[in-house]
Every structure is written in structure tokens, then in C-alpha cells.
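Novice: The structure follows.
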Amino acid sequence: MISIRSVGRSAAGAAALTVTTVVVTLSALAFTADTAGDVDRSAFFGSMVFRSTRDGDGGISMMAGTENPVPLAVLFLVLTVVLTGVQAVRASARRRGDALPGGPGGR
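Taken in order, the sequence shown gives residues -30 to -1, 1 to 77; the numbers are from mature numbering (1 follows the signal peptide of the UniProt record, and there is no 0).
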């Protein structure tokens, strides 16, 4: 049986994994950018962007962020479902193991 608590834990894990994905991807976009001229890069189906432009006085203007949150929301939902499924399978295996002779609860 899937409880609200297990779904909440799965959602928290999915949120952490989604944020980690965003941070790592934006860092990769920023640090792999060319240094010559203007840079306009996007990743993860256009949801994350990195732009840098050179000003007339030699300065550099940079912007990194999210443009389209839909792929990130889909990633979060898929991760939540997968993590909830993993918890359900683990709980089922634990119940089966407890019921076996010689298992922790089967003595």
C-alpha cells in the first residue's frame, strides 16, 4: 500500500534531483561557453538557457535561468512516480521476506 508519507518522501527526493539537474546543467552551459563573441545556449528541451553578450565598453553581460518550466515539471513528476514505485516494490519485498521461514518475522 502506498501511503501519503511515501509519496511525500518521493516528491522531496524528486525535487532535490530536479534542482540538482538544473544546477549541474546551468553550470555546464556557463563553463563550456565560448569566450569569443555572444553566446546563446539552451539545454533540456529549451527549459534552461545561458546567454552572454559583450558590451561596447568591453564588459560582459551574462544571464542564466529557466525559460520553459514544462520539461522540468515533467521531470519532477516522472521522478516522483519512479521513486514512489521503487518504495512500493521495496516495501513489498520486505513484507515477503518477513513472511518467509527463516526471515526476520517468520521464525
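Using N, Cα and C, we set each Cβ at its ideal position, and we do this for glycine too. Quantities reported herein were computed from a predicted structural model and do not represent experimental measurements.
Between which two residues does the alpha helix (DSSP H) containing Phe1 stretch?
Specialist: Residue mapping note: residue 1 aligns to position 31 of the sequence shown, counting from 1. Start and end: -27 to 1.
Novice: Going straight from the alpha carbon of Thr(-6) to that of Asn38, what length do you get?
Specialist: Within the sequence shown, numbered from 1, the residue matching residue -6 stands at position 25. Within the sequence shown, numbered from 1, the residue matching residue 38 stands at position 68. Distance between the alpha carbons of Thr(-6) and Asn38: 14 angstroms.
Novice: Expressed to the nearest angstrom, what Euclidean distance is found between the alpha-carbon atoms of Ser17 and Leu42?
Specialist: For this step, residue 17 is matched to residue 47 along the sequence shown. For this step, residue 42 is matched to residue 72 along the sequence shown. Rounded to the nearest angstrom, the two C-alpha atoms are 7 angstroms apart.
Novice: Go through its chain and collect everything with a Cβ distance to Ser62's Cβ below 8 angstroms, but skip five positions before and after it.
Specialist: Numbered from its first residue, the sequence shown carries residue 62 at position 92. If we look at Ser62 and ignore the five residues flanking it on each side, it has no Cβ neighbours.
Novice: Residues bridged to Ala34 by DSSP?
Specialist: In the sequence shown, the residue the question calls residue 34 occupies position 64. In the DSSP assignment, Ala34 is bridged to Phe20.
Novice: Verify whether the separation of the beta carbon atoms of Leu45 and Ser(-21) is less than 8 angstroms.
Specialist: Taking the sequence shown and counting its residues from 1, the one referred to as residue 45 is at position 75. Taking the sequence shown and counting its residues from 1, the one referred to as residue -21 is at position 10. In this structure, Ser(-21) does not lie closer than 8 angstroms to Leu45 by Cβ.
Novice: For the beta strand (DSSP E) holding Ala13, just list the boundary residues, first then last.
Specialist: Within the sequence shown, residue 13 is the residue found at index 43, counting from 1. It spans 9 to 13 - the beta strand (DSSP E) in which Ala13 sits, taken as one unbroken run.
Novice: Considering Cα atoms alone, identify which of Ala6, Ala(-16), Ser12 is closest to Ser(-4).
Specialist: By one-based count along the sequence shown, residue -4 stands at place 27. Ranking Ala6, Ala(-16), Ser12 by Cα distance to Ser(-4) puts Ser12 first.
Novice: If the criterion is Cβ atoms closer than 8 angstroms, does the pair Ala(-1) and Phe20 meet it?
Specialist: Walking along the sequence shown from the start, residue -1 turns up at place 30. Walking along the sequence shown from the start, residue 20 turns up at place 50. With respect to the 8 angstroms criterion, Ala(-1) and Phe20 are classified as neighbours on the basis of their beta carbons.
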